[in-house]
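Residue numbers (our numbering): 682 to 993.
Virtual Cβ for every residue (Gly too), placed ideally from N, Cα, C.
Report on one structure; see the data block that follows.
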Amino acid sequence: MGKIALVFPGQGAQAVGMGRDVFDNVPAARDIFDAADRELGFKLTELMFDGPDTELKQTINTQPALLTTSYALYKALQQHEIQPDFVAGHSLGEYSALVVAGVMSFADAVSIVRKRGQFMEEAVPFGQGAMAAVLAADRTQLGALCDDISSLTDTATVQLANVNCPGQIVISGTVEGVQAVAERGKEAGAKRVKLLEVSGPFHSTLMKPAAERLSKELLEVSMRDASIPIVANVTARAEQQADAIRNLLVEQVYSPVLWEDSVRYMIDQGVDTFIEIGSGSVLSGLIKKIDNSVRIVTINSLAAVESFKLES
682 MGKIALVFPG QGAQAVGMGR DVFDNVPAAR DIFDAADREL GFKLTELMFD
732 GPDTELKQTI NTQPALLTTS YALYKALQQH EIQPDFVAGH SLGEYSALVV
782 AGVMSFADAV SIVRKRGQFM EEAVPFGQGA MAAVLAADRT QLGALCDDIS
832 SLTDTATVQL ANVNCPGQIV ISGTVEGVQA VAERGKEAGA KRVKLLEVSG
882 PFHSTLMKPA AERLSKELLE VSMRDASIPI VANVTARAEQ QADAIRNLLV
932 EQVYSPVLWE DSVRYMIDQG VDTFIEIGSG SVLSGLIKKI DNSVRIVTIN
982 SLAAVESFKL ES
């Protein structure tokens, strides 16, 4: 049997009610939800389970909610004694990977991602930033188009934000910059440019003020070397050294998420089974588009945990 990677979703995967089944039925998972409420000083679980959706979608709430759900599902899955060879997460999901790899405690992680969400929301005034999904564009040509648009005026900043899978890239920047890509997308082979409902231009250089604030907070967090190699969003390479991971977490806020590259790297290292743990199944879909020959398991519910079987 080949190697196993655990992967964890980021923003966009949230849904009201996520994690409730493991909360109700798995004591180890319930402990994680209780710890999140205790650490944050408010009932995050009530917001997660009952909504409203508009409040859950706020970045400051979404980030700790997704982390909590992913780690609770991981704790529920531990009964199967999985021994992963790599862990990785998409943007915010990287913090779930860090907790699983023992880099930081869950209590520290849930606190820091709430602050991360706050810093990201406050970095750019509402309405000045935007993100869009660009479908079927050539990656190199799209990057060149973004560079060209960004060079035209000071107010038209735009760059690649998420390289998710072949044919799906997310761009991020000022409203003017993103709109310019929407108008000129055909130059990069794009079939469609779809604006996303987000509260800011995440993973763009406009997020550097948020990164600076996060850097100061991360210096106060105890971090240890990873017990499992973590494939970082920024480099798409495995990392285990605590100080390097700390620096990469800061860079991640304003740098592209190299998800396609990360998955290909893990496959090149011998991974043939990816287990997505958390709300939804976004990463499972992306991985299938990157390489449909690998095994993909989605753990997003109690039923999925109970029916899990790792074939030899």
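Within 8 Å, strictly: CB atoms of residue i and residue j
| i | j | result |
| --- | --- | --- |
| Pro765 | Ala686 | yes |
| Ala923 | Gly870 | no |
| Glu888 | Val851 | First, the residue type needs correcting, since residue 888 is Met and not Glu in the sequence shown. Their beta carbons are not under 8 Å apart, which means Met888 does not touch Val851 by this criterion. |
| Ala814 | Lys872 | no |
| Val986 | Phe955 | no |
| Ser772 | Asn981 | no |
| Pro745 | Ala717 | yes |
| Gly854 | Thr834 | no |
| Gly700 | Met729 | yes |
| Val791 | Glu878 | no |
| Phe787 | Tyr755 | no |
| Lys969 | Ile977 | yes |
| Ser832 | Gly858 | no |
| Phe767 | Val912 | yes |
| Leu747 | Cys846 | no |
Three-way DSSP call (helix, strand, coil) for residue i in this model
| i | result |
| --- | --- |
| Ala716 | helix |
| Ser993 | For Ser993, the predicted structure reports a pLDDT of 45, less than 50, and the residue's modelled location is therefore unreliable. A value from the coordinates is still provided. The answer is coil: DSSP assigns Ser993 none of H, G, I, E or B. |
| Val963 | helix |
| Lys684 | strand |
| Glu775 | helix |
| Gly810 | strand |
| Leu876 | strand |
| Gly848 | coil |
| Val862 | helix |
| Glu898 | helix |
| Asp953 | strand |
| Thr726 | helix |
| Phe883 | coil |
| Leu939 | coil |
| Pro910 | coil |
| Gln840 | strand |
| Thr979 | strand |
| Glu762 | coil |
| Ser751 | helix |
| Val735 | Per the sequence shown, residue 735 should be read as Thr rather than Val. If DSSP states are grouped into helix, strand and coil, Thr735 belongs with the helices. |
| Ala919 | strand |
| Ala694 | coil |
| Thr740 | helix |
| Ser792 | helix |
| Ala769 | strand |
| Ser974 | coil |
| Val934 | coil |
Residue environment, residue i, which counts as buried when at least 16 other CB atoms sit within 10 Å
| i | result |
| --- | --- |
| Ala709 | exposed |
| Gly951 | exposed |
| Ser993 | With a pLDDT of 45 at Ser993, under the threshold of 50, the modelled position of that residue is not reliable, and the figure given next carries that caveat. Classification of Ser993: exposed, given that the 10 Å Cβ count is below 16. |
| Pro733 | exposed |
| Ser903 | exposed |
| Ala861 | buried |
| Ser936 | buried |
| Leu900 | exposed |
| Glu775 | buried |
| Thr726 | buried |
| Gly722 | exposed |
| Gly866 | buried |
| Gln760 | exposed |
Expected contact under 8 Å - CB spacing of residue i and residue j to nearest Å
| i | j | result |
| --- | --- | --- |
| Val938 | Ile971 | Their Cβ separation, rounded to whole angstroms, is 14 Å, which puts Val938 and Ile971 out of contact at 8 Å. |
| Thr749 | Phe714 | 6 Å |
| Glu898 | Ile793 | 6 Å |
| Glu920 | Leu929 | 7 Å |
| Asp702 | Leu983 | 4 Å |
| Val707 | Ala757 | 4 Å |
| Asp953 | Lys684 | 7 Å |
| Thr979 | Ser988 | Contact flag wrong, Cβ pair sits at about 11 Å. |
| Tyr946 | Arg918 | 6 Å |
| Val856 | Gly810 | 7 Å |
Notebook entry, point to check: Are the segment 960-972 and the segment 899-910 touching by the rule of at least three beta carbon pairs closer than 8 Å?
Noted result: The segment 960-972 makes no contact with the segment 899-910; the number of CB pairs closer than 8 Å stays below 3.
Notebook entry, point to check: Would you call the segment 802-815 and the segment 883-900 touching, i.e. three or more CB-CB distances under 8 Å?
Noted result: yes
Margin query: Whether or not the segment 825-836 and the segment 769-780 are in contact is what I'm after, with contact meaning three or more pairs of Cβ atoms, one per stretch, closer than 8 Å; do they touch?
Written below: no
Check: Counting pairs of beta carbons, one from the segment 864-884 and one from the segment 836-852, are three or more of them closer than 8 Å?
Finding: yes
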